[in-house]
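This report refers to the structure that appears directly beneath it.
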Amino acid sequence: MPDSQPRYRRVLLKISGEGLCPPGGFGIHPEPLNRVANEIHEVVELGVQIAVVVGGGNFLRGANFSQDLDIEIATADYMGMLATVLNALALQEALDRRGHATRVQSALSIQRVCEPFIRRRAIRHLEKGRVVILAAGTGNPHVTTDSCAALRAAELKTDILLKATKVDGVYDDDPKTNPNAHLYERISYNDVIDGRLKVMDVSAIDVCQQHHVPIIVFNLFKPDTLRRIVLGEALGTFVGED
Ligand code: UDP
């Protein structure tokens, strides 16, 4: 049974860029943007501190973009990081409209647009009940925003990393092609690191394991799932110790 009080005091939410556009789409669309903002709003209303790492895949992913346009991978990755800033600013506006104090902190310095990422300052914002949106990933090429989510969860000392996806959690096969695919309720970091199951980049899982940050993989497209998880319902797939 869910608790009436939130189970977590501070959470890190990782949303992919594709959470902000229709399936297979490009850019930012009002309906998915507002839906994501509503889901975050519900969690903030519970008094839970929330930091959000946004991806940029709705604009571009470095690896594909580099190949398609014959652009140096590091350059394409920086472009990907800038794409996350677009998403972060759109999400900030959507949360502002819901009355939430929100700060965007970027790992690449863009002072005219948002704050730089400063760990202690981010924690202070969280303590004051502000939503902190973390843009530009880690600021380094050759990794993804999943790695950023793991690193920030560790350094901001969040109780959990909530990884939003398009499906209900981690399965033993692709649920989109195999209707009999089995959804795991709980798996270990090692199941992912050993390559048996795919959740996030292995480097991201490694950081979570080292710093004892559990992960819940859940469906962002099912309304109210995020709030229910924060209240302690066993939805999605929990990734933790063996
Ligand atoms: N990226 C990067 N370093 C980071 C985070 C992101 O180079 O720390 C680049 C990388 O090219 C990546 C793109 O930004 O493909 C968009 O991020 P990601 O693929 O993680 O977005 P998502 O799939 O979550 O929307």
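Here our numbering runs 209 ahead of the position in the sequence shown, where the first position is 1.
All residues carry an ideal CB built from backbone N, CA and C; glycine is no exception.
Determine the extent of the alpha helix (DSSP H) in which residue i is found, giving its start and end residues.
i    : result
A413 : V411 to Q419
L435 : T434 to V439
F275 : Phe is not the amino acid found at residue 275; the sequence shown has Ser there. First-last of the alpha helix (DSSP H) with S275: G271 to L278.
R395 : It is not in any alpha helix (DSSP H) - R395 instead sits in the beta strand (DSSP E) that spans R395 to S397.
I249 : P239 to E254
For residue i, which three-state DSSP category applies?
i    : result
V262 : strand
S213 : coil
L444 : coil
T284 : helix
L392 : strand
V341 : strand
G226 : helix
R233 : Correcting the residue identity first, residue 233 is Gly in this sequence and not Arg. It is coil, neither helix nor strand.
G404 : coil
What does a CB cutoff of less than 7 Å around residue i pick up in its chain, not counting 5 residues either side in sequence?
i    : result
V379 : Y393, I396, L406, V408, V426 and T446
A443 : E394
N243 : A303
V253 : I259, H309 and V340
D382 : A390
Y287 : P350
F326 : Q314, S315, A316 and L343
E455 : Any question about residue 455 goes unanswered here, given that the chain covers just 210 to 451.
S318 : P325
R307 : A246 and H250
What I want to know is whether the C-beta of residue i ends up closer than 7 Å to one or more non-hydrogen atoms of the ligand ZN.
i    : result
R333 : Looking at this structure, you won't find the ligand ZN anywhere; what it does contain is the ligand UDP.
Please tell me whether residue i has its Cβ less than 8 Å away from any Cβ of chain B.
i    : result
D451 : Considering every chain present, this structure includes no chain B. It has just one protein chain.
If you follow the beta strand (DSSP E) that residue i is in, where does it begin and where does it stop?
i    : result
R218 : Premise fails: R218 is in no beta strand (DSSP E) and is neither H nor E.
V426 : I424 to N428
What does a CB cutoff of less than 6 Å around residue i pick up in its chain, not counting 5 residues either side in sequence?
i    : result
I237 : L229 and A299
A292 : G265, F268 and L269
N247 : none
E251 : R436
Counting only the same chain and skipping the five closest in sequence on each side, list residues whose C-beta sits under 8 Å from that of residue i.
i    : result
V322 : V294, L298, V313 and S315
I452 : In the structure as shown, the chain begins at 210 and stops at 451. Residue 452 is therefore absent and cannot be evaluated.
E324 : R312, V313, Q314, S315 and R330
* To do: List in chain order: all unbroken beta strand (DSSP E) runs of 3+ residues lying wholly within the stretch 300 to 338.
  => Listed in chain order, the complete beta strand (DSSP E) runs (minimum 3 residues) inside the stretch 300 to 338 are 311 to 315.
* Counting Cβ pairs, one atom from each stretch, are 3 or more of them under 8 Å apart for the stretch 327 to 335 and the stretch 267 to 282? -> Too few Cβ pairs lie closer than 8 Å, so no.
* Assess, as a yes-or-no matter, whether the stretch 356 to 373 is touched by the stretch 215 to 226 under the definition of 3 or more beta carbon pairs within less than 8 Å. => yes
* To do: Evaluate contact between the stretch 324 to 332 and the stretch 265 to 279, counting only Cβ atoms and requiring at least three cross-stretch pairs below 8 Å.
  => no
* Write down every uninterrupted run of the alpha helix (DSSP H) in the stretch 344 to 380 whose length is 4 residues or greater and which is fully enclosed by it, in chain order. => Runs found: 354 to 364.
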